[in-house]
Amino acid sequence: MLQQVTATVHAHPRLAAVLAGTRDAHRAHVELLARAVPDQPASPSPTPTTGREHRRTVPQRPGAALAALARQEALLAQLGRKSAETARSGAFARVLASAAAAAAQQVSHLTAAAGTQR
Amino acid sequence: MTPLAALQQTLAGEHAAVYVYGVLGGRVSSSAHPSLATRIRSAYITHRGRRDQLTAMVRTAGGQPVAAEVSYRLPNRARTPDDLEAAARVTERRCAAVYATTVAGTSRSERRWAIEALTDSSVRLLSFGGSPDPWPGADEL
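Heads up: the sequence lines are chains A and B, in that order. Counting in the working numbering, the first sequence runs from 1 upward without gaps. Counting in the working numbering, the second sequence runs from 119 upward without gaps.
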């Protein structure tokens, strides 16, 4: 997800300010979760997919690019909530639930920002 | 913290939130500030519903639900629309912190309830002018 946000900023430099907080949030999540799960080589902040591999493409229109990120944040929030539900450690469940809530905030933020781009 | 203690702590937080939103609702002009009035009303209804759910959850867990205080200190003077929004933000942040603690102290359906409440409160914060945060409810992270 962090890479997707970064790719969107590269494709649309004008969105850098809108996406600054989004990128900071994912960077914070990646850093903390990487420390919490040191043996996991995979990205702790995955870009959700529908199961099919796809290239990291960014829509050409800024509004569509933000809307695409919002959809991915929604999937990430859902994934985070499910993971928090089943986490064995209560402390780790709290971390995951907070990260999921942050993703839900980003859905709202990005959706609103997408609306101003159209 | 036991699951019952976590639920009781959350119920105490909801009592405070219901009180604060009740006062805020009485101080907002629905004609001059209809959007703010609607948002405060929505928050009041949500927290009142959660208070009732928690009361039932505490009873199910074998506890005696903690009672509300007679009154609570407001987060600020709560006079202007800006004051009301700021008070709502403080309330949602406090609730989010309590919900996050409840996530850690519970499991299964109770934890699921706390996760949903944390998400809702975090998004509701934005509707009152708050900014997205990397760790809603868990500022120390």
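We treat Cβ as the ideally placed atom computed from N, Cα and C, and that holds for glycine.
Give the C-beta separation of residue i and residue j to the nearest angstrom, bearing in mind that I take them to be a contact with Cβ-Cβ under 8 angstroms.
{"i": "A:Pro62", "j": "A:His12", "result": "5 angstroms"}
{"i": "A:Leu2", "j": "A:Val9", "result": "With 8 angstroms as the limit, A:Leu2 and A:Val9 do not qualify as a contact, their Cβ atoms being about 11 angstroms apart."}
{"i": "B:Leu236", "j": "B:Ala214", "result": "6 angstroms"}
{"i": "B:Thr209", "j": "B:Ala135", "result": "5 angstroms"}
{"i": "B:Pro252", "j": "A:Ala28", "result": "4 angstroms"}
{"i": "B:Ala179", "j": "B:Leu125", "result": "6 angstroms"}
{"i": "B:Ala186", "j": "B:Tyr137", "result": "7 angstroms"}
{"i": "A:Ala99", "j": "B:Val221", "result": "So it is not a contact: roughly 11 angstroms between Cβ atoms."}
{"i": "B:Arg243", "j": "B:Arg212", "result": "Looking at the sequence shown, residue 243 of chain B is not Arg but Leu. The pair is not a contact, with the Cβ atoms about 11 angstroms apart (cut-off 8 angstroms)."}
{"i": "B:Leu142", "j": "B:Ala205", "result": "6 angstroms"}
{"i": "A:Ala67", "j": "A:Ala114", "result": "4 angstroms"}
{"i": "B:Leu154", "j": "B:Glu203", "result": "7 angstroms"}
In terms of residue numbering, what span does the alpha helix (DSSP H) encompassing residue i cover?
{"i": "A:Val37", "result": "Per DSSP, A:Val37 belongs to no alpha helix (DSSP H) and is neither H nor E."}
{"i": "B:Met119", "result": "Careful: B:Met119 lies outside any alpha helix (DSSP H) and carries neither H nor E."}
{"i": "A:Leu76", "result": "62-86"}
{"i": "A:His109", "result": "90-117"}
{"i": "B:Gly167", "result": "152-178"}
{"i": "B:Gly181", "result": "No alpha helix (DSSP H) holds B:Gly181; DSSP gives it neither H nor E."}
{"i": "B:Val216", "result": "199-223"}
{"i": "A:Ala11", "result": "2-11"}
{"i": "B:Glu115", "result": "With chain B represented from 119 up to 259, any question about residue 115 of chain B goes unanswered, as that position is not in the structure."}
Is residue i buried or exposed, if buried means 16 or more other CB atoms sit within 10 Å of its CB?
{"i": "A:Ser108", "result": "buried"}
{"i": "B:Trp231", "result": "buried"}
{"i": "B:Val188", "result": "exposed"}
{"i": "B:Pro152", "result": "exposed"}
{"i": "A:Ala104", "result": "buried"}
{"i": "A:Leu22", "result": "In the sequence as displayed, the identity of residue 22 of chain A is Thr instead of Leu. Buried, because 16 or more other Cβ atoms sit within 10 Å of the Cβ of A:Thr22."}
{"i": "A:Glu53", "result": "Confidence in A:Glu53 is poor, its pLDDT being 41 and thus under 50, which makes the residue's placement too unreliable to answer from."}
{"i": "B:Ile163", "result": "exposed"}
{"i": "B:Ser148", "result": "exposed"}
{"i": "B:Arg226", "result": "exposed"}
{"i": "B:Thr128", "result": "buried"}
{"i": "A:Ala17", "result": "exposed"}
{"i": "B:Glu228", "result": "buried"}
{"i": "B:Arg197", "result": "exposed"}
{"i": "A:Gln4", "result": "buried"}
{"i": "A:Ala87", "result": "buried"}
{"i": "B:Glu132", "result": "buried"}
{"i": "B:Ala256", "result": "buried"}
{"i": "A:Glu85", "result": "buried"}
{"i": "A:Glu31", "result": "exposed"}
{"i": "B:Gly144", "result": "exposed"}
{"i": "A:Ala91", "result": "exposed"}
{"i": "B:Val146", "result": "buried"}
{"i": "A:Arg35", "result": "exposed"}
{"i": "B:Thr120", "result": "exposed"}
{"i": "B:Asp238", "result": "buried"}
{"i": "B:Gln182", "result": "exposed"}
Chain B contacts from the region 66-96 of chain A (Cβ-Cβ distance under 8 angstroms): Ala77, Arg81, Ala84, Glu85, Gly90, Ala91, Ala93, Arg94, Val95
Near-chain A residues of the region 141-160 of chain B (beta-carbon distance less than 8 angstroms), N- to C-terminal order: none
Chain B contacts made by the region 95-118 of chain A, where a contact means CB separation under 7 angstroms: Val95, Ala97, Ser98, Ala100, Ala101, Ala102, Ala104, Gln105, Gln106, Ser108, His109
Residues, ordered as in the chain, of the region 224-246 of chain B that lie near chain A by beta-carbon distance below 9 angstroms: Thr224, Ser225, Arg226, Arg229, Arg230, Ala232, Ile233, Glu234, Leu236, Thr237, Asp238, Ser239, Ser240, Val241, Leu243, Leu244, Ser245
Residues of the region 6-36 of chain A with Cβ closer than 9 angstroms to any Cβ of chain B, in chain order: Gly21, Thr22, Asp24, Ala25, His26, Arg27, Ala28, His29, Leu32
Contact residues within the region 175-200 of chain B, judged by C-beta distance below 8 angstroms to chain A: none
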